[in-house]
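>
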Amino acid sequence: MLVSYPGPWTPFFGRLDAQQIPLQNPILFWTFVLVSLGGVAVLAAITYLRAWGSLWREWLTSVDHKKIGVMYCLLGIVMLFRGFIDGVMMRTQQAMAVGPRSPGYMGALHGYLPPYHFGQIYSAHGTIMILFAITPILVGLMNIIVPLQIGARDMAYPYLNAVSFWLTAAATGLVMISLFVGDFSHAGWVGLSPLTELAYSPGVGVDYWSWAVQIGSIATTLASINIIVTIIKMRAPGMTWTKMPIFCWTALSTSVVGLSSFPVFTAAVALLSLDRYAGTHFFTPGLGGNLMLYTDLFWIWGHPEVYYVILPAFGILSEIIPTFSEKPLFGYITMAVASIAIGGVSWSVWLHHFFTMGAGPGVNAFFSIASMLVGIPTGVKVFNWAFTLYRGRVRFDVPMLWALAALVLLLIGGLTGMMLAMPAINYTVHNSVFVVAHFHTMLNVVGFACFGAINYWFPKVFGFRLDERTGKRAFWFFSAGTFVLFGSMYALGFMGMPRRIDYIPFPSWRPLLIAEEVGIVLFVIASYYMIKQLVVSIRDRVQNRVTSSDVWGTARSLEWLTHSPVPFYNFAVQPHINARDEWAWRREHGRGAESPEHYEDIHLPINTPLPLILGAWTFALGFSLVWRMYWLAALSLIAIVVLVIARSFQDDPGHTVPGARIREIEASYRNGLEPAGAAGDGAGGPVAYPGAVASRPQDNVPARP
Amino acid sequence: MAWRNGHAVRVLRFAWLPLLDGCSQKGYWLLHPKGVIARTEWHTTVLDVVVMGVVVLVAGGLVVAFLWRYRAGNTLRRYDPTFTASLVLEILVWGVPLLVVGYLSYFSVKSVFATNPYDPLSLRHALVRPHQADQGLAHRASPARARTTVPGAQEAQPLHVEVVTTDWQWVFIYPQQGIATVDDLVVPVGARVKFDLTSATVVNDFFIPELVGEIDIMPGMRTKQAMIANDTGVYHGYSDDFSGGGFSWMGFDVRVTDHAEFRKWVRRVRAAPDVLSYARFGQIARPTINVAQRVSYFSQVQKGLFDHVIERVMAGKVYRTPLAMTENMTKPMKVRLIP
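For the record, the sequence lines run as chains X and D. Quick note on numbering: this note's numbering labels position 86 of the first sequence as 86, and the sequence is numbered without any gaps. Count along the second sequence from 1, add 705, and you get the number used in this note's numbering.
#1: Taking a contact to mean a Cβ-Cβ separation below 9 angstroms, would you say residue 432 (chain X) touches residue 496 (chain X) in this structure?
#2: Would you verify that the beta carbon of residue 14 (chain X) is, or is not, closer than 9 angstroms to some beta carbon of chain D?
#3: Helix, strand or coil for residue 875 (chain D)? Go by DSSP, reduced to three states.
#4: Using 9 angstroms as the limit for Cβ to Cβ distance, is residue 790 (chain D) near chain X?
#5: As a quick exercise: from D:864, D:863 and D:889, pick the residue whose alpha carbon is nearest that of residue 1001 (chain D).
#6: Does residue 1010 (chain D) come within less than 9 angstroms of chain X when only Cβ atoms are used?
#7: Taking the alpha-carbon positions, what's the residue 476 (chain X) to residue 482 (chain X) distance?
#8: The region 1010-1026 of chain D: which residues have C-beta closer than 7 angstroms to a C-beta of chain X, in chain order?
#9: Residues of the region 989-1011 of chain D with a CB closer than 9 angstroms to any CB of chain X: list them in chain order, please.
#10: Residue 935 (chain D) versus chain X: which residues are under 8 angstroms apart at the beta carbon?
#11: So, helix, strand or coil for residue 907 (chain D), using DSSP?
#12: Using 8 angstroms as the cut-off, classify the Cβ of residue 303 (chain X) as near or not near the heavy atoms of the ligand GTP, replying yes or no.
#13: What's the C-alpha gap between residue 386 (chain X) and residue 427 (chain X)?
#14: Less than 7 angstroms between C-beta atoms, sequence neighbours within five positions excluded: which residues of the same chain meet that for residue 15 (chain X)?
#15: Helix, strand or coil for residue 349 (chain X) per DSSP?
#16: Please tell me whether residue 799 (chain D) has its Cβ less than 9 angstroms away from any Cβ of chain X.
#17: Give a yes or no on whether the minimum CB-CB distance between residue 764 (chain D) and chain X is below 9 angstroms.
#18: According to DSSP, simplified to helix, strand and coil, what is residue 982 (chain D)?
#19: Please list, in chain order, all residues of the same chain as residue 620 (chain X) whose beta carbon is under 7 angstroms from its beta carbon, the five residues on each side excluded.
#20: Have a look at residue 372 (chain X) and residue 808 (chain D) and give me their C-alpha separation to the nearest angstrom.
#21: Suppose you measure from the CA of residue 66 (chain X) to the CA of residue 565 (chain X); what does that come to, to the nearest Å?
#22: Which partner residues does residue 1002 (chain D) have in the DSSP bridge list?
#23: Using the Cα positions of residue 580 (chain X) and residue 49 (chain X), report the straight-line distance between them to the nearest angstrom.
#24: Which class does residue 929 (chain D) belong to by DSSP, given the choice of helix, strand or coil?
#25: With DSSP as the reference, identify every bridge partner of residue 902 (chain D), one or two as the case may be.
#26: Note the first and the last residue of the continuous beta strand (DSSP E) segment covering residue 940 (chain D).
#27: Can you pull the chain X neighbours of residue 776 (chain D), defined as C-beta to C-beta under 7 angstroms?
#28: Could you name the residues of the same chain whose beta carbon sits closer than 7 angstroms to that of residue 513 (chain X), not counting the 5 residues immediately before and after it, in chain order?
#29: What separation, rounded to the nearest whole angstrom, lies between the Cα atoms of residue 140 (chain X) and residue 157 (chain X)?
#30: Run through chain D and tell me which residues come within less than 9 angstroms of residue 161 (chain X), C-beta to C-beta.
#31: Is there a Cβ from chain X that is less than 9 angstroms from the Cβ of residue 793 (chain D)?
#32: Could you name the residues of chain X that residue 819 (chain D) contacts, counting a contact when the two beta carbons are closer than 7 angstroms?
#33: What three-state label does DSSP hand residue 136 (chain X) in the structure shown?
#34: Residue 379 (chain X) and residue 914 (chain D) look like a contact to me (Cβ under 8 angstroms); what is the Cβ gap, rounded to whole Å?
#35: Need the endpoints of the beta strand (DSSP E) that residue 918 (chain D) sits in, please.
#36: Roughly how far, in whole angstroms, is the beta-carbon of residue 174 (chain X) from the beta-carbon of residue 136 (chain X), given that I think they are within contact range, below 8 angstroms?
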């Protein structure tokens, strides 16, 4: 072997043996029992409902952008919950383990989590929340909304879209299985260097982290390519750049950021893996390695990544606020420019994540000013949203509540962000919980925007509204939790409390830690109402049915032109764009409910199980590399390469839905019925429609503006 | 270098004070700096928060006012959906943030030099004009404020302390005195203290909230920090950058004493039986969690230990963390505890 690590290794199982399943840990044991029971219940329910066939045909093998988007969002929401549980555990440990006299349980000196367990939990929390919760939810929303807003039938590369999703799912699976087989990294979501090196982290935890994030970042790179091409090439005729909805502008900016930054991350972590597997010295402290090189590369990705998540959130706010103010967005051009500017500046600020490394004052001054520049376009956005409200008619529906609270959080996060951008202040709060409070404020801007977006677009995607009463309760508890928890955390920052400690040496920090725990309780209540909102809404879906295409009555962009739920072909006829807010323009000109004379055949891609199979092999590749089962790793890699090459030789003719069938579906929509098969099995491949004719893909090149 | 905006800072400081009354109790270390650097950093914080606070309050006030006035239920207000662009407002919404960022950038650059760990200008001012030493950013102080001088700040020879972190302890070497300690930092009040820092294992972060801001400690490299403590007392220092299982216990007390007391302490350490040789350091550097924060004293230090640690790390020396002390879930952690 090229590297030495403790523990046995066998050619077949690698480092894996039965001891690696930590059943003796009561927390993990009961989690395992609960997850298993839940899994069995879900599988049993699918079997009972005889849903395996339709699940396979309509979802798992789908290349429909809406289906993939929904699966992305579901994955993200499940992981959001997992990350939240991690957060609850961390806060509880910190509230318990205060001072040398605090008792310890379950093998811990203080509290109930020993350091090695706490380290995994905070690392999993960060990795999951950023890469496997927020990012999939946002990619999912972009997947659903961008093609609808630009009047396209699907993404530019539907197959690649499914591949991106299943790679993300594979990476998520790796993170999840690390709960029950082996352990997860303790070196933070940033992969603190050189703590991630084999000498200091000899277990498989860091390997789980590194392979999961490498797979995940490849998936996000592919998704970014897809969104960029879709926006550039597939806008409906008449949609010039200045008529494009602002959410698409942010999606474009964010995807450019994603495409250019994620490969850096993949490469940096790949080099780290070489250190751990091949014994190279890229990031080791000695023998010519440079650990700060890793930190540099990481944040060259890491900072753009945080804008990757904030930009779509800004786009969402720019969609929600005009709708509920009954006014067009104020300063559209400025907003588009600001979105691109934020994406651009995101490239020149990464060093502010390590102002304390001892760089010269010139370096720190440069990056300080660059970081502050971000405040300009962001400030512009806030003012423009405020002027959108001005002379409007403001309604406080659930999406608007989330959006407005996000605005308040953005102001607080902006203030603390300007503090952190000044090195002299940064020296006192860097690596303290102040930083944690700051980026949780900002990520809550994203979270609030996502919850707003889910409430806003849910009727469009599923055809019924989310329950308003429970939705408002969820909102108020979530907001209260955010302010109590992170308000206390800011205060603790001024007390100098470091982040990532599992034992609190100073009892003077206790009152605020207990306040944080109160915030967590509020979050728990909020998540109860969120689940209840979903359950109640599904139960009452018939009463909550949406009959018009525009459920809010005052929406503005193109996605509100088509039916709710959106039929599998998106638009019965290719819309031609007349104005910046196309749907609002049509509504005002009395052209909302036009039905065309003639329906043309619609060409759509066919379903394929290949992305799912690729995802499964990628999971096998990651898992075998974590445990150093080299034979399986080689096998999976060969399988992946062969499958990808084989696919490139396969002719995908797509399938054509005849105009007559479109006419039928459209007619039943107009009669107030949800036509069977319009939202569901429509994308079920060429067999779904008797009489569907295979055609060449080039027959249906999407129209260009 | 003169701080021409000293007056503004002073005014802003007093404007800010009432807001702090609510949280002036014990524990808010950053709000009550006891060192020249920490004070400069806190003044920068206050300035930034006040300037940004004005902007944020204006923006937030606009949002709240518009929400109230233009709520759907209010039929008295004017509804005008054509109000979507305004050149004057556009110039304002770009201009105001630009001006604020410009203003804060100026202060940011100034404060970077004032707190630069390698040569903090605020310490230089403190030494050149001892009676103004506590003023930090606002060193052009009124005579009334100048009474809190830093005793001994005129001392020509700065105290030199070499700091080496291990998993998970602090080794403080006093090369001028020829002594060393584990987890005990004692410095005389008002004296300029120069730190050289390195790590034998992973990255740590040196932080004494009341005295001086953070500086990273990296293996195979040397960073520097400098400070002057204004008041005697016991302060808390710790690592701020996660370094593994014993990170939470990686604290040390900082005792700021008067000069006589410091000399007495040095004599006591010189009487300790233990000697810090290269080999002895190797023993200390083995992964250890010093739960009780017990201090050790060394009456002698083998010459060049600090450089030796850096050179050994660069040559590939690694103090491996045992599997049971990392994230491993299968075997409970066996800690080499110092009782």
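Every residue, glycine too, gets a C-beta built ideally from N, C-alpha and C. Computed from a predicted model, the values in this text were never measured in an experiment.
The structure says:
#1: With respect to the 9 angstroms criterion, residue 432 (chain X) and residue 496 (chain X) are classified as neighbours on the basis of their beta carbons.
#2: Taking 9 angstroms as the CB threshold, residue 14 (chain X) stays off the interface with chain D.
#3: Strand.
#4: Between residue 790 (chain D) and chain X, the shortest Cβ-Cβ separation is below 9 angstroms.
#5: Comparing Cα positions, the closest option is D:889.
#6: Chain X contact via Cβ: absent.
#7: Each residue's alpha carbon lies about 10 angstroms from the other.
#8: Within the region 1010-1026 of chain D, the residues whose Cβ lies closer than 7 angstroms to some Cβ of chain X are 1018, 1019, 1020, 1021, 1022, 1023, 1025 and 1026, listed in chain order.
#9: From the region 989-1011 of chain D, only 994, 996, 997 and 998 have a Cβ closer than 9 angstroms to chain X.
#10: Those do not exist, as residue 935 (chain D) stays about 16 angstroms from chain X at its closest Cβ, beyond 8 angstroms.
#11: If DSSP states are grouped into helix, strand and coil, residue 907 (chain D) belongs with coil.
#12: No copy of the ligand GTP occurs in the structure displayed, which carries no ligand at all.
#13: In a straight line, the C-alpha of residue 386 (chain X) is about 34 angstroms away from that of residue 427 (chain X).
#14: The beta carbon of residue 15 (chain X) sits closer than 7 angstroms to those of 7, 9, 204, 627 and 628, all from its chain and outside the five residues before and after it, given in chain order.
#15: Coil.
#16: By this cut-off, residue 799 (chain D) is an interface position.
#17: Taking a beta-carbon distance threshold of 9 angstroms, residue 764 (chain D) counts as an interface residue toward chain X.
#18: Coil, per DSSP.
#19: Only 632 and 636 meet the Cβ criterion.
#20: Rounded to the nearest angstrom, the two C-alpha atoms are 11 angstroms apart.
#21: Straight-line Cα distance between these residues: approximately 10 angstroms.
#22: Per DSSP, D:886.
#23: Annotation: residue 580 (chain X) to residue 49 (chain X) spans about 45 angstroms, alpha carbon to alpha carbon.
#24: Strand, per DSSP.
#25: As a beta-bridge residue in DSSP terms, residue 902 (chain D) pairs with D:868 and D:928.
#26: In this chain, the beta strand (DSSP E) harbouring residue 940 (chain D) covers 938-944.
#27: Going along chain X in sequence order, the residues near residue 776 (chain D) (Cβ under 7 angstroms) are 394.
#28: The answer, listed in chain order, is 94, 95, 98 and 504.
#29: Rounded to whole angstroms, residue 140 (chain X) to residue 157 (chain X) spans 15 angstroms at the Cα level.
#30: Within chain D, no residue has its beta carbon less than 9 angstroms from that of residue 161 (chain X); the closest one is some 34 angstroms off.
#31: Output row for residue 793 (chain D): interface = no.
#32: When 7 angstroms is used as the limit between beta carbons, residue 819 (chain D) is near these residues of chain X: 424, in chain order.
#33: It is helical.
#34: Your pair residue 379 (chain X) and residue 914 (chain D) does not check out as a contact, with CB atoms roughly 31 angstroms apart and the cut at 8 angstroms.
#35: Where residue 918 (chain D) is concerned, the enclosing beta strand (DSSP E) stretches over 917-922.
#36: So it is not a contact: roughly 14 angstroms between Cβ atoms.
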